[in-house]
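There are 2 protein chains.
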Amino acid sequence: MLSERQRLILNAIIDNYIHSAEPVGSRTISKRNDIGFSSATIRNEMADLEELGYLEQPHTSAGRVPSTKGYRFYVDNLIRPEHLSEQELNNIRNVFAERINHIEQVIESTASILSQVTNYTAIVLGPEIFEHRLKAIQIVPLNEQQAVAIIVTHTGRVENKLLDLPKGIHPGEIEKLVNILNSKLIDVPLWQLRQRLYQEIAGEMRRHVEQYEEMLHMLERSLNPEEGERVFLRGATKIMNQPEFRDVEKVKDILELLEQNDQLIRLLDVPGEGIQVRIGQENDMDAMKECSIVTTSYYLGGKPVGVVGILGPTRMEYGKVISVLDYLARGLSQMLTKQFE
Amino acid sequence: MLSERQRLILNAIIDNYIHSAEPVGSRTISKRNDIGFSSATIRNEMADLEELGYLEQPHTSAGRVPSTKGYRFYVDNLIRPEHLSEQELNNIRNVFAERINHIEQVIESTASILSQVTNYTAIVLGPEIFEHRLKAIQIVPLNEQQAVAIIVTHTGRVENKLLDLPKGIHPGEIEKLVNILNSKLIDVPLWQLRQRLYQEIAGEMRRHVEQYEEMLHMLERSLNPEEGERVFLRGATKIMNQPEFRDVEKVKDILELLEQNDQLIRLLDVPGEGIQVRIGQENDMDAMKECSIVTTSYYLGGKPVGVVGILGPTRMEYGKVISVLDYLARGLSQMLTKQFE
DNA sequence: GTTAGCACTCCCGACAAACGAGTGCTAAAC
DNA sequence: GTTTAGCACTCGTTTGTCGGGAGTGCTAAC
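Chains A and B supply the protein sequences, listed in that same order. Numbering-wise (the numbering used here), the first sequence opens with residue 1 and increments by one. Numbering-wise (the numbering used here), the second sequence opens with residue 342 and increments by one.
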């Protein structure tokens with residue numbers, strides 16, 4: 001257990017390091033006006049904190065740098081959320097006030113504003129649609145062989161897929177099929193669609209639709225749970241502003257990872273409620289060993305539907321990031337829920 | 342006008358520099374077995390070529406490096422297209438052989454394969470849709486205030502937009518409207534839609550639809566020419582493999598530019614038919630002064646609908662890139678045309 | 001016209017010295 | 001017992017010097 005003074009000093013060191021990016025020496029700390037001890041005292045405490053694993057020394061005659069354990073303690077026990085400037089609050093609120101044509105636009109703006117306000121990289125996982133309910137389904141033939149299947153959800157999201165039509169199918173048959181689907185499947189959550197297809201639609205189809213086997217098969221393909229969630233990445237290059245990433249090799253590893261959608265999704269796939277912080281080596285990806293990731297979920301009608309996250313160096317302004325993320329996720333949840341519930 | 346020998350030497354120097362990334366000395370050239378002159382002779386020719394502006398010298402006792410003018414001459418007069426390996430041809434062909442659900446998927450794969458085969462950054466401007474013809478239009482009400490308008494083109498592309506419904510509109514009215522639209526606008530190219538709306542639809546609507554003014558206004562908004570073309574970027578980080586971009590500052594400028602869609606579009610906005618090459622300082626953007634961009638258009642039924650491009654260092658393997666790009670753009674055009682004409 | 005030879009330029013890496021930020025320890029002060 | 005002043009020591013960084021080497025331009029001979 002750390003003494004009050006140790007906490008104070010640890011806090012001072014990390015604060016300092018976060019803003020300077022340089023190892024912090026005892027003198028620097030003793031000169032701070034919230035600290036009333038000489039550098040020698042600080043030195044002793046620092047040696048203790050190092051022994052306990054909260055600090056590290058790059059080399060003998062250098063100052064101290066927080067370890068992962070040190071940051072962890074800082075995040076869990078020392079920081080208090082920073083309050084945002086009126087300017088920043090306004091910028092964020094504006095995102096939700098804008099007129100929207102697509103949900104995606106809001107999510108995209110969210111990512112942009114996050115990156116802009118924090119000066120770190122923002123990653124947003126677009127709203128999960130499994131829970132969305134079917135509002136309408138349409139099949140539009142393009143020619144003899146192909147058609148587009150279109151699904152509209154109650155949130156106004158539109159998914160579409162190209163289909164191969166069974167040979168020699170009559171347009172009237174497609175119309176019949178669409179009618180059956182619309183009468184049976186409205187308000188069904190997307191994840192149930194395939195199941196319902198067999199339970200309820202198959203029988204109906206056999207009775208009324210020609211070539212029902214081929215049509216069924218075609219439908220099955222098109223109702224696949226939507227592959228690939230949408231991921232929005234903004235400000236990926238912000239990491240290069242950080243002095244510890246002046247090295248192309250390091251930056252390359254990170255940016256290469258950010259280029260891959262599946263890796264981004266993995267990055268945001270964090271269990272737990274509320275704000276989650278993963279610091280440095282707590283990440284299992286090698287490229288992320290010197291980065292921290294702060295995430296939280298956003299909700300639609302009480303259910304988590306997506307994740308917003310900030311990626312930055314371990315030496316991140318945690319207080320600020322947590323405040324921004326929290327405020328924004330709440331706003332987003334509220335907006336979505338108001339709009340679509 | 343360059344002598345035959347000067348061309349030979351210039352070609353040798355650029356070839357060498359492209360592969361070594363180091364200033365090329367006279368000895369290196371004289372040792373090549375397609376060159377039968379001593380290093381002293383080469384030195385004389387090099388001095389001449391420098392005076393003519395085709396070469397540059399980083400400092401007195403260094404070898405020579407091609408200037409923008411040098412590369413330009415090389416691209417225009419010296420290279421012959423490189424033929425691709427069977428492996429590479431196969432990789433490219435596979436993209437077009439895959440089953441497709443959306444055009445976008447093909448475009449995306451195109452970008453991926455381009456970047457993969459060339460080891461440079463690939464940028465693809467997704468197919469322009471103004472020329473696409475309307476296949477169907479739908480309006481799906483979500484609740485009392487909102488609806489989604491959906492437009493399907495003859496190429497199977499689906500666009501959608503959220504609409505605010507006029508207050509107290511009756512669902513039947515919307516249906517009437519959709520019927521009018523579908524009967525009048527099928528097979529009209531997208532860019533004509535707004536114009537037709539006023540010429541033909543407005544009158545019809547006034548006769549049959551209540552609250553026609555509000556509805557007209559709403560429609561007008563939704564038929565806006567689709568803002569924001571789709572841009573696909575792949576392998577942006579490849580630039581960091583180049584020895585001349587070991588410097589974070591340089592890379593940052595480039596990657597920041599690549600993060601902005603409008604800049605990407607500007608980058609590919611090159612007049613002219615066939616393969617176009619812009620070398621180093623020929624680019625008007627500062628961040629691109631040390632890069633080259635090779636572009637070409639792809640076609641649907643004889644009309645250019647999009648652009649594919651490769652971005653790399655000025656020291657780029659032009660021969661190879663041009664071959665790949667040409668082969669791929671032809672394949673893409675052929676595939677699109679076969680599929681949708 | 002071509003080439004061997006040579007003096008010259010300039011970058012680069014190695015090595016040494018000076019510097020300074022910061023430490024750990026000791027002993028005195030509180 | 002805790003705090004602090006003082007001091008020797010460590011080690012990375014900066015600066016300067018020096019030799020080696022790659023490459024050039026020029027001259028004179030072939």
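Glycine residues also receive a C-beta, built at the ideal position from the N, C-alpha and C atoms.
1) Whose CA, out of B:S367, B:Y412, B:V458, lies closest to the CA of L425 (chain B)?
2) Give every residue of the same chain whose Cβ lies closer than 7 Å to the Cβ of L197 (chain A), excluding the five residues on either side of it in the sequence, and list them in chain order.
3) Compute the Euclidean distance between the alpha carbons of L195 (chain A) and I103 (chain A), then round it to the nearest angstrom.
4) Indicate the three-state DSSP secondary structure (helix, strand or coil) for F378 (chain B) in the structure shown.
5) Excluding sequence positions up to five away, which residues of its chain have a Cβ less than 6 Å from the Cβ of I107 (chain A)?
6) Could you tell me whether the Cβ of E541 (chain B) comes closer than 7 Å to any Cβ of chain A?
7) Of all the options A:N77, A:G309, A:M316, A:T314, which has the alpha carbon lying nearest to the alpha carbon of I113 (chain A)?
8) Find the residues of chain A that neighbour Q487 (chain B), judging by a C-beta separation of less than 9 Å, and give them in chain order.
9) Using a Cβ-Cβ cut-off of 7 Å, state whether V140 (chain A) counts as contacting chain B.
10) Since I believe L134 (chain A) is in contact with D76 (chain A) (beta carbons under 8 Å), could you give me their beta-carbon distance rounded to a whole number of angstroms?
11) Taking only three categories from DSSP, how would you classify L328 (chain A)?
12) Thinking just about the alpha-carbon of each residue, which of B:D594, B:V635, B:M626, B:E600 is nearest to the one in G613 (chain B)?
13) How far does the beta strand (DSSP E) with N624 (chain B) in it extend, from its first residue to its last?
14) Is it the case that the region 655 to 665 of chain B contacts the region 626 to 641 of chain B, given that we only count it when at least three CB pairs across the two stretches are under 8 Å?
15) Identify the contact partners of R246 (chain A) in chain B, using a Cβ-Cβ distance below 7 Å as the criterion.
16) Counting Cβ pairs, one atom from each stretch, are 3 or more of them under 8 Å apart for the region 597 to 616 of chain B and the region 424 to 443 of chain B?
17) Tell me which residue opens and which closes the alpha helix (DSSP H) that N523 (chain B) is part of.
18) Bridge partners for F73 (chain A) per DSSP, in chain order?
19) Return yes when the Cβ of K161 (chain A) is within less than 7 Å of the Cβ of N442 (chain B), no when it is not.
20) Scan the region 516 to 537 of chain B for residues whose Cβ lies nearer than 9 Å to a Cβ of chain A and list them as they occur along the chain.
21) So, is the C-beta of K508 (chain B) closer than 7 Å to a C-beta in chain A?
22) Excluding the 5 residues preceding and the 5 following F586 (chain B) in the sequence, name in chain order all residues of the same chain whose CB lies nearer than 6 Å to its CB.
23) Alpha carbon to alpha carbon, how far is I376 (chain B) from S367 (chain B)? Give it in angstroms, no decimals.
24) Please confirm if the region 136 to 149 of chain A is in contact with the region 345 to 356 of chain B, defined as three or more CB-CB distances below 8 Å between the two stretches.
25) Compare the beta carbon distance of G306 (chain A) and P81 (chain A) with 7 Å and say whether it is the shorter of the two.
26) Find the residues of chain B that neighbour V305 (chain A), judging by a C-beta separation of less than 9 Å, and give them in chain order.
27) Taking any Cβ of chain A, which residues in the region 434 to 463 of chain B have a Cβ under 7 Å from it, in chain order?
28) Kindly indicate which residue of A:E86, A:L257, A:T337, A:E200 has the alpha-carbon position closest to the one of K303 (chain A).
29) Taking the Cβ atom as the reference point for each residue, do I355 (chain B) and Y395 (chain B) lie within a distance shorter than 7 Å?
30) Going by DSSP, what residue range makes up the beta strand (DSSP E) through I201 (chain A)?
31) Take L257 (chain A) as the anchor and find which of B:T578, B:L609, B:E597, B:I595 has the nearest alpha-carbon.
32) Measure the alpha-carbon distance for A147 (chain A) versus I174 (chain A) and round it to whole angstroms.
33) Taking the beta strand (DSSP E) that I651 (chain B) belongs to, which residues open and close that run?
34) Using the Cα positions of D253 (chain A) and N582 (chain B), report the straight-line distance between them to the nearest angstrom.
35) Whose Cβ in chain B lies nearer than 8 Å to the Cβ of M240 (chain A)?
36) Ends of the beta strand (DSSP E) at L233 (chain A)?
With the structure as the only source:
1) B:V458
2) Taking C-beta separations shorter than 7 Å and ignoring five residues to either side along the sequence, the partners of L197 (chain A) in its chain run L219, E220, L223, following chain order.
3) Reading the sequence as shown, one finds Gln at residue 195 (chain A) and not Leu. Computed Cα separation, rounded: 27 Å.
4) Judged by DSSP in its simplified three-state form, F378 (chain B) adopts coil rather than helix or strand.
5) Exclusion of the five residues before and after I107 (chain A) leaves V124, G126, F232 as the residues of its chain whose Cβ lies within less than 6 Å of its Cβ.
6) no
7) A:G309
8) G156, Q339
9) yes
10) Wrong, their Cβ atoms sit about 44 Å apart, outside the cutoff.
11) Helix at L328 (chain A).
12) B:V635
13) Counting along the chain, N624 (chain B) falls outside any beta strand (DSSP E), and DSSP gives it neither H nor E.
14) yes
15) V589
16) no
17) Segment 512 to 526, the alpha helix (DSSP H) holding N523 (chain B).
18) According to DSSP, which records beta bridges pairwise, F73 (chain A) is partnered with nothing at all.
19) yes
20) none
21) no
22) I580, V592
23) 11 Å
24) no
25) no
26) Going along chain B, no residue has its Cβ under 9 Å from V305 (chain A), so there is no contact; the nearest lies around 17 Å.
27) So the close ones are I441, N442, H443.
28) Comparing Cα positions, the closest option is A:T337.
29) no
30) Per DSSP, I201 (chain A) belongs to no beta strand (DSSP E) and is neither H nor E.
31) B:T578
32) 10 Å
33) Note, I651 (chain B): beta strand (DSSP E), 644 to 654.
34) 11 Å
35) V589, V592, K593, L596
36) 231 to 234
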